[in-house]
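J.: Dropping a structure here in structure tokens format, bear with me for questions.
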Amino acid sequence: MLLEDAVRLIDAAGREKPGLTVIFDGFAEVLLFGKAATEKLSSELSKLRHAVCVFCVHSQALTADLFTKPKGPFYSLADVVALKSPARKDSVVCLAKLLSPVAGEDARKTAQELFNITHGHPHYTRILGAALFDQLSLYGRTLQDGALEAAVAEVVSGHDMNYLVLWTSLTLTDRRVIRDTALFGRPVNDGSSPTSTTYSALSKLMRSGDITKTDEAFELADPFFRRWVLAFTS
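If you use the working numbering, the sequence shown corresponds to residues 33 to 266, in order.
Below, the structure written as structure tokens:
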């Protein structure tokens, strides 16, 4: 019911503000609602006429489940695209404008470096952007003395316990696959377990959204978890 109301409010807001764009971050969570709920949500979203919705799913496997299965509730509802240029370029420009009061003439360069860390994912970009804004405005750091790296370290430190709990819940094979992905961009078969076991673990971690695949390599979906893994396993 809350989602139905939200969609109707979005459409109503679009009438008042033409060109309204709403981002549904972590949209894959709708899979937890069950078949009936997702079909109802799909029906409501299909009625939108006055606003544009962007569904962010940072997992190739989940994207396929949601939007490319012919019998799925969201099939034909949306175009599936990767967050690259020109959408990324537009996002960098918007972020640079937000940072300009505290970053000055370096705002565009800083926004680009921030996006390089978060790979443009809206959720992680917001987290790091807020931490960087604090470093520049509250703590008096400058870009030249490492404000961006300090912001990254602050985010990683703030999630240390969560990452430790996640790490200890993983099997040894899962940990190895995650460590290798963080280091090399792919699992490395070192002979400690069968190749089939390694790629079974990789497939499972992709389905869970912990690992995603880009055009070039595999990567951890959470860029801050990657930093934590590299530090913890070094």
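Heads up, the beta-carbon is just placed ideally off N, CA and C, and yes, glycines get one too.
Tell me, to the nearest whole angstrom, how far the beta carbon of Leu198 is from that of Thr142; I am working on the premise that it is less than 8 angstroms.
T.: Going by Cβ atoms, the distance from Leu198 to Thr142 rounds to 29 angstroms, so no, they are not a contact pair.
J.: Could you tell me the alpha carbon to alpha carbon distance between Thr229 and Asp212, rounded to whole angstroms?
T.: If I take the Cα positions, the gap works out to 14 angstroms.
J.: Alpha carbon to alpha carbon, what distance is there between Gly58 and Leu73?
T.: C-alpha separation (whole angstroms): 15 angstroms.
J.: Consult DSSP for Leu262 and reduce its assignment to one of helix, strand or coil.
T.: Helix, per DSSP.
J.: Using DSSP with H/G/I as helix, E/B as strand and the rest coil, what is Leu252?
T.: Leu252: strand per DSSP, three-state reduction.
J.: Under DSSP, the alpha helix (DSSP H) around Lys49 begins and ends at which residues?
T.: From DSSP, Lys49 is part of no alpha helix (DSSP H); its letter is neither H nor E.
J.: Considering only the beta carbon of each residue, do Val124 and Leu160 sit closer than 8 angstroms?
T.: Contact flag unset, no.
J.: Is it buried or exposed, Asp177, if we count other Cβ atoms within 10 angstroms and call 16 or more buried?
T.: Flag for Asp177 reads exposed.
J.: So, at 6 angstroms on beta carbons, what are the nonlocal neighbours of Arg259 in its own chain, with the 5 sequence-adjacent residues on each side left out?
T.: Cβ neighbours of Arg259 beyond the five flanking positions: Val188.
J.: In whole angstroms, give me the CA-to-CA distance for Leu146 and Leu164.
T.: C-alpha separation (whole angstroms): 9 angstroms.
J.: Could you please give the first and the last residue of the uninterrupted alpha helix (DSSP H) stretch that includes Thr230?
T.: Per DSSP, Thr230 belongs to the alpha helix (DSSP H) from 227-239.
J.: So Lys103 is in the beta strand (DSSP E); what residue range does that whole segment cover?
T.: Run containing Lys103: none; DSSP gives neither H nor E here.
J.: Restricting to Cα atoms, I'd like to know which of Gly217, Lys236, Thr246 is closest to Thr205.
T.: That would be Lys236, whose Cα lies nearest to the Cα of Thr205.
J.: In angstroms, rounded to a whole number, what distance separates the CA positions of Ala162 and Asp192?
T.: Rounded to whole angstroms, Ala162 to Asp192 spans 18 angstroms at the Cα level.
J.: Taking only the alpha-carbon atoms, compute the straight-line gap between Thr244 and Phe56 and give it to the nearest angstrom.
T.: Each residue's Cα considered, the two are about 19 angstroms apart.
J.: For the candidate residues Phe256, Thr265, Leu52, Ile42, whose alpha-carbon lies nearest to that of Tyr156?
T.: Of the candidates Phe256, Thr265, Leu52, Ile42, the one whose C-alpha sits nearest the C-alpha of Tyr156 is Phe256.
J.: Return the chain-ordered list of same chain residues with a C-beta closer than 6 angstroms to the C-beta of Phe99, the five sequence neighbours on each side being excluded.
T.: Contacts found: Phe106, Ala110, Val112.
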